[in-house]
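Enquirer: Starting off with a structure, shown below.
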Amino acid sequence: MSFLSKIRSTKARMPLGKMALNTAAVLLLGIALGVFSKYLDYRQASLPQFLMLIDEALDLHNFLGRFPFWVAAALCISVYSNSSVRAAVNVFAFFAGMVSSYYVYSKYVAGFFPKSYAMIWVAFTIISPLLAFICWYSKGSTKVSIVLSSMIFAVMFNMTFAYGWLYFGVYSVLELITFVFSVIILWRAAIKETVLMIALGTAIALILKAVMPFHLG
Numbered sequence: 601m602s603f604l605s606k607i608r609s610t611k612a613r614m615p616l617g618k619m620a621l622n623t624a625a626v627l628l629l630g631i632a633l634g635v636f637s638k639y640l641d642y643r644q645a646s647l648p649q650f651l652m653l654i655d656e657a658l659d660l661h662n663f664l665g666r667f668p669f670w671v672a673a674a675l676c677i678s679v680y681s682n683s684s685v686r687a688a689v690n691v692f693a694f695f696a697g698m699v700s701s702y703y704v705y706s707k708y709v710a711g712f713f714p715k716s717y718a719m720i721w722v723a724f725t726i727i728s729p730l731l732a733f734i735c736w737y738s739k740g741s742t743k744v745s746i747v748l749s750s751m752i753f754a755v756m757f758n759m760t761f762a763y764g765w766l767y768f769g770v771y772s773v774l775e776l777i778t779f780v781f782s783v784i785i786l787w788r789a790a791i792k793e794t795v796l797m798i799a800l801g802t803a804i805a806l807i808l809k810a811v812m813p814f815h816l817g
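In structure tokens form, the structure reads like this:
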């Protein structure tokens, strides 16, 4: 089946109303997570006791301010969308909702707007449809799919682990959980393909570490 016919058949199976509803749900999820993330960051001193304990134990507000959680969420949305085009639309809606709600809250509730930092997330939101479009093919059965899943594995690996010649560590427990979650999403149908993905992904991670020796998170 060709790429275009695959998209057409997917659209035929899913009514337009349901596609719109799914995208709206993803948009609302992004808005809710954006507000929640900024609320944790801004209202630390007045958080409910259970949230304060969780935040103190796991550094939750800083975790949500870094990339790994959002990349894993986008990966999940991409892979489980019905087509590569739907993956692009859904992920863009998710990030548009998250980034806009986060910085609207920051400006009008918290009273400040970190423009330079916001521009990083705006740029990420702009390119997110292309990345989602590509990520959707990582769960296929071709060699290209294995390479794509290995590259995603490598990015998540470098955002999770701090390592060098004489050390190896984890940036945080939550990022380790996010990494495991991402690996589960990327898990191949055949164990040989999964082992190949992990081996190739680790090699790519080492190369990326040498080329870009800074933390992507």
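If you want the numbering used here, it's the 1-based position in the sequence shown plus 600.
No residue lacks a Cβ here, since even glycine has one placed at the ideal position from N, Cα and C.
These figures come from a predicted structure and were not determined experimentally.
Can you tell me where the beta strand (DSSP E) with Gly769 in it begins and where it stops?
Expert: First-last of the beta strand (DSSP E) with Gly769: Phe768 to Val770.
Enquirer: With DSSP collapsed to three states, give me the class of Phe667.
Expert: In the structure shown, Phe667 sits in a helix (DSSP, three-state: H, G or I).
Enquirer: For Leu616, name the three-state secondary structure that DSSP assigns.
Expert: The answer is helix: DSSP assigns Leu616 an H, G or I state.
Enquirer: Going by C-alpha distance, which of Gly740, Ala696, Leu730 and Gly711 is nearest Met719?
Expert: When only C-alpha atoms are compared, the closest one is Ala696.
Enquirer: Residues bridged to Tyr680 by DSSP?
Expert: According to DSSP, Tyr680 bridges with nothing at all.
Enquirer: What does a CB cutoff of less than 6 Å around Lys739 pick up in its chain, not counting 5 residues either side in sequence?
Expert: Contacts found: Val679.
Enquirer: Under 9 Å, do Thr802 and Phe669 count as touching if we go by C-beta distance?
Expert: No, the Cβ-Cβ distance between Thr802 and Phe669 is not below 9 Å.
Enquirer: Comparing C-alpha positions only, which one of Asn682, Gly711, Thr725 and Phe713 sits nearest to Phe694?
Expert: With distances taken between Cα atoms, Phe694 lies closest to Thr725.
Enquirer: Is the beta carbon of Thr623 less than 9 Å from the beta carbon of Asn690?
Expert: Yes, Cβ-Cβ distance for Thr623 and Asn690 is below 9 Å.
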